[in-house]
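Q: Note that the numbering used here has the sequence shown beginning at 83, numbered continuously upward. Below is a structure I'd like to ask you about.
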Amino acid sequence: MTSPDADVLNCLGELPCSDRTIASCHNRLKIIKVRVVVLSLDAPAPPHSQPSLTLLGLPGVGLAAACWATCSFRRWWVYQSPRVVWLNWVGLGLFTLAGWWLPQRLAGRSLYTILQVGLILLVSLVGGIRLFPLLFVVLVIRSSFIFKPRTCLAVTGVALMFCVLVLLLRFQSLELLPTVANLPRLRRFWLGRILVAGLTLVFLQLLIYAVVSERQSREKLMVAHAKLQQYASEIENLATVQERNRIAREIHDSLGHSLTVFNLHLEAALRLLQSNPDEARELLIEAKQLSSTALREVRESVATLRDPLQGRSLKGAIASLINDFQRSTHIFPNFHYQIDVPLSSKLEIAIYRIAQEALTNICKYAAATQVNLLIQAEILAGTPEAATVRVLIQDNGKGFDATQTTTGFGIQGMQERTLALAGKFTLTTAPGEGCRIEAVFPLSLYDSSIAGG
Numbered sequence: 083m084t085s086p087d088a089d090v091l092n093c094l095g096e097l098p099c100s101d102r103t104i105a106s107c108h109n110r111l112k113i114i115k116v117r118v119v120v121l122s123l124d125a126p127a128p129p130h131s132q133p134s135l136t137l138l139g140l141p142g143v144g145l146a147a148a149c150w151a152t153c154s155f156r157r158w159w160v161y162q163s164p165r166v167v168w169l170n171w172v173g174l175g176l177f178t179l180a181g182w183w184l185p186q187r188l189a190g191r192s193l194y195t196i197l198q199v200g201l202i203l204l205v206s207l208v209g210g211i212r213l214f215p216l217l218f219v220v221l222v223i224r225s226s227f228i229f230k231p232r233t234c235l236a237v238t239g240v241a242l243m244f245c246v247l248v249l250l251l252r253f254q255s256l257e258l259l260p261t262v263a264n265l266p267r268l269r270r271f272w273l274g275r276i277l278v279a280g281l282t283l284v285f286l287q288l289l290i291y292a293v294v295s296e297r298q299s300r301e302k303l304m305v306a307h308a309k310l311q312q313y314a315s316e317i318e319n320l321a322t323v324q325e326r327n328r329i330a331r332e333i334h335d336s337l338g339h340s341l342t343v344f345n346l347h348l349e350a351a352l353r354l355l356q357s358n359p360d361e362a363r364e365l366l367i368e369a370k371q372l373s374s375t376a377l378r379e380v381r382e383s384v385a386t387l388r389d390p391l392q393g394r395s396l397k398g399a400i401a402s403l404i405n406d407f408q409r410s411t412h413i414f415p416n417f418h419y420q421i422d423v424p425l426s427s428k429l430e431i432a433i434y435r436i437a438q439e440a441l442t443n444i445c446k447y448a449a450a451t452q453v454n455l456l457i458q459a460e461i462l463a464g465t466p467e468a469a470t471v472r473v474l475i476q477d478n479g480k481g482f483d484a485t486q487t488t489t490g491f492g493i494q495g496m497q498e499r500t501l502a503l504a505g506k507f508t509l510t511t512a513p514g515e516g517c518r519i520e521a522v523f524p525l526s527l528y529d530s531s532i533a534g535g
């Protein structure tokens, strides 16, 4: 007869206690009975594992899981299965290390998954490890990172099949134990375990699919945003090309008409030069006016089309503006250029146009005797992201009331150019106090060397 402590209490789990051998010497036969201790209904539940950490392949987590899976708890769980502790350690170690490497090729991914399934079956069937459903959960999570949704669903089905198979094999081995009582309740418990394992893998697959779909949607959104920016740039370039074509057509039409009329006037003047000098002289005067008109149209159109810098550096182009200003006004501006970093072409053109318009306005309206022009880059120590380019034009002319000036197209153009490059435009003027124009541009947005530190 068996001792009372060898009876089965209740069947709820799967962590076997240590071996107990009860021997009797009747008829020279040695009978070994297995003692099964079962957790009662009001006992605390086993702690939750963290499959996400095992997924990462951290060695410490793998060792902790191995220790947990190979230790014995005398209070808990069901039956005694033959276990190979060293095999569990080796298998869990290899399974943990596999999380550090995710193959990219199809053949490598398939072999990777097969090896993982083999390790799980090895430690489950041969090693007798208890927490094998957790390993199938990790397998499903890893497969979601290397397979497409359909293939990942197939891997989940295979994992569920093997998980149920291992559970059934363990239940069959449990039924063979002579000391197991309350077998119907035990069947219900194992059926519940199978159902929970299946639902866990299915819902885990759905959750992973939702997360992966969201990540793919974000990646597609980023790609679409990049394409949208590219399309916007292409549309801008297309609009520029269309505008250039329009101006070219206008040059062809207006200049062609003017030159045709100009040629006819010259031919008529040559014919009338001997017979009617007065009329020939009038035709020559009209031809001179037509040539002036055509020349003006050509200059305006070409100035719109061509690069304002004409291949020169920004400093050289502005120096040319200052020379023209000196010849027209006999005023020698104080010019200071303090930039030793490369600028983008957009920024250089904006600075050139602002300086050009400011000098033109001074020449036309200011009646100034002193002009200061400063262009410098300001980079604060240790903060290259705050680097700026400062353009300052100041004169001592008669100034004007900015609140009452409604036709300042030149000033409006300077302001628009500044704002287009995320800059700040400031106009300071008053009647009799001259004019001060300042434009500040963020250099870090347009210069890669500054932006990169």
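Idealized CB from N, CA, C, for every residue including glycine.
Which one or two residues does DSSP pair with residue 517 in a beta bridge?
A: DSSP, once it has assigned bridges, lists 477, 511 as partnering residue 517.
Q: Could you spell out where the beta strand (DSSP E) holding residue 408 opens and where it closes?
A: Looking at the DSSP string, residue 408 is not in any beta strand (DSSP E); the run it does join, the alpha helix (DSSP H), is 396–411.
Q: Excluding sequence positions up to five away, which residues of its chain have a Cβ less than 7 Å from the Cβ of residue 288?
A: none
Q: For residue 170, is the classification buried or exposed, using 16 other Cβ atoms within 10 angstroms of its Cβ as the cut-off for buried?
A: Residue environment analysis places residue 170 among the buried positions, since at least 16 neighbouring C-beta atoms fall within 10 angstroms of its C-beta.
Q: Residue 417 lies in the alpha helix (DSSP H); which residues open and close that run?
A: Unbroken run through residue 417 is the beta strand (DSSP E), 416–420; no alpha helix (DSSP H).
Q: Can you find at least 3 beta carbon pairs, one from the stretch 244–254 and one from the stretch 313–326, that sit closer than 8 Å?
A: No: the two stretches stay apart, fewer than three of their Cβ pairs being nearer than 8 Å.
Q: In chain order, what residues of the same chain lie with their CB nearer than 6 Å to the CB of residue 450, ignoring the 5 residues before and after it?
A: A distance below 6 Å between beta-carbons, with the five flanking residues on each side excluded, links residue 450 to the following residues of its chain, in chain order: 444, 477, 478, 479.
Q: Count the other C-beta atoms from every protein chain shown that fall within 10 angstroms of the C-beta of residue 162, then say buried if there are 16 or more, exposed otherwise.
A: Per-residue confidence for residue 162 stands at a pLDDT of 47, beneath the threshold of 50, marking its modelled position as unreliable; the derived number appears in the next sentence. Counting Cβ neighbours within 10 Å, residue 162 comes out buried, since at least 16 surround it.
Q: Over the uninterrupted alpha helix (DSSP H) stretch that includes residue 198, give me the two end residues.
A: 188–203
Q: If the criterion is Cβ atoms closer than 8 Å, does the pair residue 492 and residue 430 meet it?
A: Not in contact: residue 492 and residue 430 (Cβ atoms no closer than 8 Å).
Q: Between which two residues does the alpha helix (DSSP H) containing residue 215 stretch?
A: Run containing residue 215: 214–228, per the alpha helix (DSSP H) assignment.
Q: Residue 443 lies in the alpha helix (DSSP H); which residues open and close that run?
A: 427–443
Q: Check whether the stretch 224–240 touches the stretch 186–198, taking contact to mean three or more Cβ pairs, one atom from each stretch, closer than 8 Å.
A: When Cβ pairs closer than 8 Å are counted between the two stretches, the stretch 224–240 is seen to touch the stretch 186–198, the count reaching three or more.
Q: What did DSSP end up calling residue 522 once you bin it into helix, strand or coil?
A: Three-state result, residue 522: strand.
Q: So residue 294 and residue 226 are supposed to be a Cβ contact under 8 Å. How far apart are they, rounded?
A: Confirmed, about 6 Å.
Q: Just reading off the alpha helix (DSSP H) that residue 184 is part of, what are its end residues?
A: Per DSSP, residue 184 belongs to no alpha helix (DSSP H) and is neither H nor E.
Q: Rounded to whole angstroms, what is the Cα-Cα separation between residue 378 and residue 306?
A: 46 Å
Q: Contact between the stretch 368–377 and the stretch 341–350 is defined here as three or more beta-carbon pairs at a separation below 8 Å; is this criterion met?
A: yes
Q: How would you label residue 545, buried or exposed, when you count the other beta carbons within 10 angstroms and need 16 or more for buried?
A: Nothing in the structure corresponds to residue 545, since the chain is present only between 83 and 535.
Q: Quick one: using the 10 Å Cβ neighbour count with 16 as the cut-off for buried, is residue 220 buried or exposed?
A: buried
Q: Have a look at the DSSP bridge pairing and note the partners of residue 459.
A: 471
Q: What residue range is occupied by the uninterrupted alpha helix (DSSP H) comprising residue 178?
A: Looking at the DSSP string, the run of the alpha helix (DSSP H) that includes residue 178 is 167–179.
Q: In whole angstroms, what is the alpha-carbon distance linking residue 433 and residue 503?
A: 11 Å
Q: Taking a contact to mean a Cβ-Cβ separation below 8 Å, would you say residue 228 touches residue 290 in this structure?
A: Result no, Cβ atoms of residue 228 and residue 290 do not sit closer than 8 Å.
Q: Return helix, strand or coil for residue 454, following the three-state DSSP convention.
A: strand
Q: What is the rounded straight-line gap between the Cα of residue 173 and the Cα of residue 204?
A: 8 Å
Q: Beta carbon of residue 202, beta carbon of residue 184: below 8 Å?
A: no
Q: Using only CA atoms, which one of 514, 308, 178, 242 lies nearest to residue 448?
A: 514
Q: Could you check which residue in 358, 351, 308, 436 has the C-alpha nearest to that of residue 494?
A: Nearest neighbour of residue 494 by Cα position, chosen from 358, 351, 308, 436, turns out to be 436.
Q: What number of angstroms, rounded off, separates the C-alpha of residue 423 from the C-alpha of residue 238?
A: Looking at the two C-alpha atoms, the distance is approximately 58 Å.
Q: For residue 361, which residues from the same chain have a beta carbon less than 6 Å from its beta carbon, with the 5 sequence-adjacent residues on both sides left out?
A: 354
Q: Can you give me the Cβ contacts of residue 80 inside the same chain, cut-off strictly under 7 Å, excluding the 5 residues immediately before and after it?
A: Summary: the structure shown does not reach residue 80, with the chain confined to residues 83 through 535, and so no result is reported for it.
Q: Measure the Cβ-Cβ separation of residue 166 and residue 200 and say whether it is below 8 Å.
A: no
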